[in-house]
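Protein sequence lines, in the order shown, are assigned to chains C and R. What the first sequence shows, in our numbering, is residues 1 to 487, in sequence order. What the second sequence shows, in our numbering, is residues 1 to 487, in sequence order. We put the CB at the ideal spot given by N, CA and C, even for glycine.
There are 2 protein chains.
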Amino acid sequence: MPAQTTKILHANNMNPQIRRAEYAVRGELALRAESLRDELAKGAQKPFSRVVNCNIGNPQALNQKPITFFRQVASLVEYPELLKEENAEVVSKLYAPDAVERAKLLLKHIGSVGAYSHSQGVGHIRENVAKFIEERDGYPADPSSIFLTQGASAGVQLSLQMIAENPNVGIMIPIPQYPLYTATLSVLHSKAVPYYLDESQAWGLTTAELQRSYDEAAKDGVDTRALVIINPGNPTGQCLEEANMREIIEFCHKNRVILLADEVYQTNIYHPKDRPFHSFKKVLKSMGPKYDGFELISFHSVSKGMVGECGQRGGYFELEGIDKEVVEQIYKISSISLCPNVLGQIMVDLMVNPPKKGDASFEKYNAEYNGIYESLNSRSRILEKTFNSLEGATCNPAEGALYLFPQIRLPKKAIEAAKAAGKEPDTFYCLALLEATGVCMVSGSGFGQVDGTAHFRSTFLPPPELFDEFCSNLKDFHAKFMDKYRD
Amino acid sequence: MPAQTTKILHANNMNPQIRRAEYAVRGELALRAESLRDELAKGAQKPFSRVVNCNIGNPQALNQKPITFFRQVASLVEYPELLKEENAEVVSKLYAPDAVERAKLLLKHIGSVGAYSHSQGVGHIRENVAKFIEERDGYPADPSSIFLTQGASAGVQLSLQMIAENPNVGIMIPIPQYPLYTATLSVLHSKAVPYYLDESQAWGLTTAELQRSYDEAAKDGVDTRALVIINPGNPTGQCLEEANMREIIEFCHKNRVILLADEVYQTNIYHPKDRPFHSFKKVLKSMGPKYDGFELISFHSVSKGMVGECGQRGGYFELEGIDKEVVEQIYKISSISLCPNVLGQIMVDLMVNPPKKGDASFEKYNAEYNGIYESLNSRSRILEKTFNSLEGATCNPAEGALYLFPQIRLPKKAIEAAKAAGKEPDTFYCLALLEATGVCMVSGSGFGQVDGTAHFRSTFLPPPELFDEFCSNLKDFHAKFMDKYRD
């Protein structure tokens, strides 16, 4: 417990749910990485020349270039003077004609990006999201069931908040999970009901395990209301097969739990033939009238995929089968925060409605998009190989997403040293890695893992030109670490 | 109660705090205004040709032009290609040189606006905020005590969330208030402790009334932890005198409550000689060592003032005297949402560090800024006169902010007609106004008012060229309404 204090507000009387919340992605390791960066900037001597943040999927912080068309449109809507006839000629030297047209169209619907929009998001953009979903899935989507949000996280938090009626309400979450879920449930004072992904089966998900998790929670009197699926997985990178997804929907239907589908990595798919992405919306609709009225909320974001516009904070969620009065309440709570930032909404518009064949920007867009995709794909395989080459480490491939989540079997001496330092063994390992190489990863304990195992999550986002150096630094560090602590 | 439902999630088992929350600014009247706008767009015949939203301070939705320098910088940071040497000549035809320099400087510190920033906000921008506060107040400010946020609302919600330990915690709020406060406290399941502003004293605030409010809550066993002051007032527009602010600080000190200072309208000051703006930070610091360690959180935003960039969602709060462990918890909870949108952060940078005398953009900036100010100032006086000319209406002047909050004394017949329609009398009046003129205001019951009185809030933001028509429509409607219901 913290020391006594004379402050009115202190750690002992603040909101206890916030105090209990944990969010490792920006926790101890990330904070240490920041101070190392400051030390380097101040000229401190370190065994490395730069800090590399692999703790978070933040592509543009690691030099991924934004998609030109997106940024041209954003640049134009921020300065509408450029769209005036008298500037057309000069502007045509800097911007593609279809970017100019898109900017004009968006401003026709929005007015100014400096004005609050509809609290649910600009209607025109929600219509484009609905069209995108219809083309993706082959089933109708309704703009009035779509809410634009500041990144997917805001939508997830809002959805969990709606469901969190009391401290006895449970939400099923995968282990390992993206810690947004446990952190948000802690703040909401509801229960996380863990189900385990099977590392030995490429982080597979079985309905038997879902049922075990649900039944155990029920035995403890937990009232489980929803199931979170992250597909493709974060931190685990697996991509669900359609048959498996049908079983999951049946499980939800049978046990009366709402399905929350976190599908922000839907375009980060690295084994498209044997592991393509299917949306839960599409699979649900393919299952026929028995599932009419099934309650599904799915989330998407402009932060991931090949877009990678994290800092612009854009996303959306689609409500399927949600009670009309609940939708009205979601609108009300959204309106208290007025509206999601309009540039983020525009990024959603660009993501769901990019240049098409024949548009002036199509070739460039296509080349940029595929270039990012191929590069992510190859880096994921190189890093996977690297991890599997490390003594005592095993790593499933990334079928999707932006991460690998290797398991490391640490020597007893390392585990004792960690205990002596008051750290989890995997955190101890990641801290040593950070101090030796400047590479910041997140230890598995931040995501949850089978007791007694040690993992860490790393993105494969370091820039291609530095990737070999990055991988060899990992190898060198790991070899030295194992030598130091080998039993 | 809503009808029975077979849904898993429905209005009877959702989060009850959300169901209870009310937010009138975007409530019944705003929703009706939206559907009227849709009807007009579909060619419906109405007694008016456009819907005018005076329910919310959203200047750019009513044609207020953004400040050119701000938008030039935003446009450049979104498309860094423009900053390359080879484009310098063409770009110089469209952008001011100091806008180019500012964009380069910001990107030097930020990298890409598409990358997540530090969860507390970009360090360089927080340093500029600290300098701005130091210049404004004449006392030091610390960048590590400043958090950038998506508009002020996000900062207010976060601060209240930190304090809301349990349902017995009370937060003092003014009546009338901006309903963000009651809505957020409802969601947080803590208590709003109302204190009343004195309409007969130009919405004055007395510490006697603060003490009455605090003591009554204490009698009811409420544990009051904080006091919210909105200065300049929303919806009431009053601006506090320095002596009054010192009394308020003494009240907080004596009763051990944290002061939450909502100062988003600090540049919307229309009687600068007799009612200048003083920040609570400055007044506190002027009161000497007795008040060292006093706990103050103050909020600012890019949405109001002469900036009016609501849709860009930028703001900040400054922590003064807040416990170090609590600050760490605020950082942690901020990190769960990753970061405020970077363009909004950049708008904060521009607001706190605008062009200076001698800069290429200064003259234009100054002209635009003063033009907006003078126009708001004159419109506030015209609308105040209009309201005071209405039968049975009285209206205090707007010393600050963007609103007037007149009281209307409605005939008994009108009150009966309202009751028959199941509406509050002031809501009944505002709905009639909306249907007759297309002007959307918010009834006083949405902000809170002395029982038995009727008020409404209107912005004075309708564009100057339409303002006379706007005012005469109000007069005509009011005269007809009074004739219809006169006793």
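If you follow the alpha helix (DSSP H) that residue i is in, where does it begin and where does it stop?
| i | result |
| --- | --- |
| C/D38 | 28 to 41 |
| R/T207 | 207 to 219 |
| R/T184 | 180 to 188 |
| C/D349 | 342 to 352 |
| R/D98 | 97 to 110 |
| C/R136 | 123 to 137 |
| R/H271 | Element bounds for R/H271: n/a, residue is neither H nor E. |
| R/Y485 | 464 to 485 |
| C/R379 | 362 to 388 |
| R/R71 | 68 to 78 |
| C/M245 | 242 to 255 |
In whole angstroms, what separates the C-alpha of residue i from that of residue j?
| i | j | result |
| --- | --- | --- |
| R/G221 | R/T182 | 19 angstroms |
| C/V439 | C/L433 | 7 angstroms |
| R/E39 | R/K46 | 9 angstroms |
| C/F428 | C/R20 | 22 angstroms |
| R/A212 | R/C252 | Just to set this straight, residue 212 of chain R is Arg in the shown sequence, not Ala. Cα-Cα distance, rounded: 13 angstroms. |
| R/K7 | C/Y265 | 29 angstroms |
| R/L240 | R/F277 | 7 angstroms |
| R/K281 | C/A418 | 45 angstroms |
| C/I346 | C/L106 | 8 angstroms |
| C/V257 | C/V228 | 10 angstroms |
| R/F362 | R/V302 | 19 angstroms |
| R/Y214 | R/F147 | 29 angstroms |
| R/Y178 | R/G237 | 11 angstroms |
| R/K93 | C/L94 | 12 angstroms |
| R/H16 | C/V326 | First, the amino acid is wrong: residue 16 of chain R is Pro here, not His. Looking at the two C-alpha atoms, the distance is approximately 11 angstroms. |
| R/V193 | R/I322 | 22 angstroms |
| C/P140 | C/F132 | 10 angstroms |
| R/L488 | C/F456 | No answer is possible for residue 488 of chain R: the residues shown for chain R start at 1 and end at 487. |
| R/C310 | R/K304 | 7 angstroms |
| C/D137 | C/K285 | 9 angstroms |
Would you mind reading off the limits of the beta strand (DSSP E) that contains residue i?
| i | result |
| --- | --- |
| R/F456 | 456 to 459 |
| R/Y195 | 191 to 196 |
| C/A261 | 258 to 262 |
| R/I496 | Since the first and last residues shown for chain R are 1 and 487, residue 496 of chain R lies out of range. |
Opposite residue i in the DSSP bridges: which residues?
| i | result |
| --- | --- |
| R/M14 | Answer by DSSP bridge pairing: none, since R/M14 is not bridged. |
| C/N53 | C/C440 |
| R/E175 | Residue identity check: residue 175 of chain R is Ile in the sequence provided, not Glu. Beta-bridge pairing links R/I175 to R/Y196. |
| C/S301 | C/G315 |
| R/I229 | R/A261 |
| R/L83 | According to DSSP, R/L83 bridges with nothing at all. |
| R/Y403 | R/T459 |
| R/T224 | R/G170 |
For residue i, count the other beta carbons within 10 Å of its own beta carbon; 16 or more makes it buried, fewer makes it exposed. Which is it?
| i | result |
| --- | --- |
| C/K42 | exposed |
| C/A479 | exposed |
| R/H118 | buried |
| C/A226 | buried |
| R/S337 | buried |
| R/A414 | buried |
| R/D274 | exposed |
| C/N503 | Missing from the structure shown is residue 503 of chain C; chain C here goes from 1 to 487 and no further. |
| C/R102 | buried |
| C/Q201 | exposed |
| R/P2 | Low confidence applies to R/P2: its pLDDT is 46, below 50, so where it sits in the model is not reliable, and the reading given next is rough at best. Classification of R/P2: exposed, given that the 10 Å Cβ count is below 16. |
| R/N234 | buried |
| R/N231 | buried |
| C/K108 | exposed |
| R/N168 | exposed |
| C/R50 | exposed |
Is residue i near the ligand GTP, going by C-beta to nearest heavy atom under 7 angstroms?
| i | result |
| --- | --- |
| C/H478 | As presented, the structure is devoid of all ligands, the ligand GTP included, so that no description of it is given. |
(message) When you compare the region 110 to 125 of chain R with the region 53 to 67 of chain C, are there three or more beta-carbon pairs, one atom per stretch, that lie closer than 8 angstroms?
(response) Counting Cβ pairs under 8 angstroms, three or more are found: they touch.
(message) Using a Cβ distance threshold of 8 angstroms, determine whether the region 366 to 378 of chain C contacts the region 155 to 167 of chain C, with at least three qualifying pairs required.
(response) no
(message) Taking contact to mean 3 or more Cβ pairs, one atom from each stretch, closer than 8 angstroms, check whether the region 167 to 176 of chain R and the region 310 to 321 of chain R are in contact.
(response) no
(message) Under 8 angstroms, with one C-beta from each stretch per pair, do the region 69 to 76 of chain R and the region 67 to 81 of chain C reach the 3-pair mark?
(response) yes
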